[in-house]
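So that you can map any letter, position 205 of the sequence shown is 205 in full-length UniProt numbering, and since no number is skipped, the others follow by simple counting.
Notes follow the structure.
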Amino acid sequence: MNHGATCYLNSVLQVLFMTEDFREAVNRNSNTKFIDHHLKDLFDRLKKETSDTSKILKVLDINTVNQQQDAAEYCQKILKLTSPEAAKIFHAELTNRRFCSSCETETDTDESFWILPLSLVDSSNEVYSVEDGIKEFFKESYFTGEDQMYCEHCDTKVDARTKYVVKHHPEVLILLLKRFDFSYRYMKYVKINDRVDVATTLKIPENQTYELYAVVDHVGDLRSGHYTSRIRSQVDERWYEFNDTWVTQVRHQNLCFFSQMII
Numbered sequence: 001m002n003h004g005a006t007c008y009l010n011s012v013l014q015v016l017f018m019t020e021d022f023r024e025a026v027n028r029n030s031n032t033k034f035i036d037h038h039l040k041d042l043f044d045r046l047k048k049e050t051s052d053t054s055k056i057l058k059v060l061d062i063n064t065v066n067q068q069q070d071a072a073e074y075c076q077k078i079l080k081l082t083s084p085e086a087a088k089i090f091h092a093e094l095t096n097r098r099f100c101s102s103c104e105t106e107t108d109t110d111e112s113f114w115i116l117p118l119s120l121v122d123s124s125n126e127v128y129s130v131e132d133g134i135k136e137f138f139k140e141s142y143f144t145g146e147d148q149m150y151c152e153h154c155d156t157k158v159d160a161r162t163k164y165v166v167k168h169h170p171e172v173l174i175l176l177l178k179r180f181d182f183s184y185r186y187m188k189y190v191k192i193n194d195r196v197d198v199a200t201t202l203k204i205p206e207n208q209t210y211e212l213y214a215v216v217d218h219v220g221d222l223r224s225g226h227y228t229s230r231i232r233s234q235v236d237e238r239w240y241e242f243n244d245t246w247v248t249q250v251r252h253q254n255l256c257f258f259s260q261m262i263i
């Protein structure tokens, strides 16, 4: 149920509800220290009928229900408040690997993440590709000239290169398409509304393959708009669109063109 402009939260909760392993994990945890028991109550009601999210709103400290928020931000907030047992299927680790071109020292820094952000890279076909976004994220970056990096071993700034390596793959990978970018022409954040090509099967470094099963869409601009989700049921393998209280079966070929979050 939409309490005003809480479609961003509804879309995320609908994806979590349709993720069977996550739903079963929150059902097993009765510890009131985490948000699991609130999610369990909500999920139990959703199996029978539409339901409001007032308890979840309170836990997330959402007091202004008529103001649009970012779905990805609240997805991360929910996972951080969820028990480790339930949230671990979305948890992953990256290693930021830095190489000094002078002393050739390799320095690794580990980073945890729930959501992998992808920039919308240019495409000669005028259609952005998630595969291209993955390649862009994991490619080596070079820092020279004014962008040199400090090396502790050399005790000075040096030319360096960096790259990300996946240390731990999540069971379920969440991708965020960074559709909002700052425009120096307009001096404000603007939305990139370009169509995105999303493959149903995606391979990321270290030979890990993922099957697409959910997308969260956004229409509108940074301050206003509407979120919906499209999810492949793990029961009948059909795709459904979730639009607050409405659920409609959708055709596969109509999917994934203007998505913001991909799961």
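Think of the CB as a built atom: it goes at the ideal place given N, C-alpha and C, for glycine as much as any other residue.
These figures come from a predicted structure and were not determined experimentally.
Could you compute how far the alpha carbon of residue i sits from the alpha carbon of residue j?
i, j, result
"residue 170", "residue 90", "5 Å"
"residue 28", "residue 49", "22 Å"
"residue 8", "residue 144", "41 Å"
"residue 139", "residue 163", "6 Å"
"residue 127", "residue 195", "6 Å"
"residue 98", "residue 152", "12 Å"
"residue 227", "residue 106", "43 Å"
"residue 323", "residue 249", "The chain is shown only over 1 to 263; residue 323 falls outside these bounds and no answer can be derived."
"residue 167", "residue 96", "10 Å"
Quick one: using the 10 Å Cβ neighbour count with 16 as the cut-off for buried, is residue i buried or exposed?
i, result
"residue 18", "buried"
"residue 74", "buried"
"residue 10", "buried"
"residue 235", "exposed"
"residue 198", "buried"
"residue 23", "buried"
On the three-state DSSP scale, how would you describe residue i?
i, result
"residue 213", "coil"
"residue 172", "coil"
"residue 257", "For residue 257, the predicted structure reports a pLDDT of 48, less than 50, and the residue's modelled location is therefore unreliable. A value from the coordinates is still provided. If DSSP states are grouped into helix, strand and coil, residue 257 belongs with coil."
"residue 224", "coil"
"residue 127", "coil"
"residue 44", "helix"
"residue 243", "strand"
Relative to the ligand SAM, is the shortest distance from any of its heavy atoms to the C-beta of residue i smaller than 7 Å?
i, result
"residue 80", "This structure does not include the ligand SAM; it has no bound ligands of any sort."
Using DSSP bridges, identify the partner residues of residue i.
i, result
"residue 154", "The partner list for residue 154 (beta bridge, DSSP) is empty, contrary to what the question assumes."
"residue 203", "209"
"residue 93", "112 and 168"
Original post:
Any chance the segment 100-114 sits against the segment 152-163, with 3 or more Cβ pairs inside 8 Å?
Top reply: yes
Original post:
Pairing CB atoms from the segment 112-119 with CB atoms from the segment 61-69, are three or more of them under 8 Å?
Top reply: no
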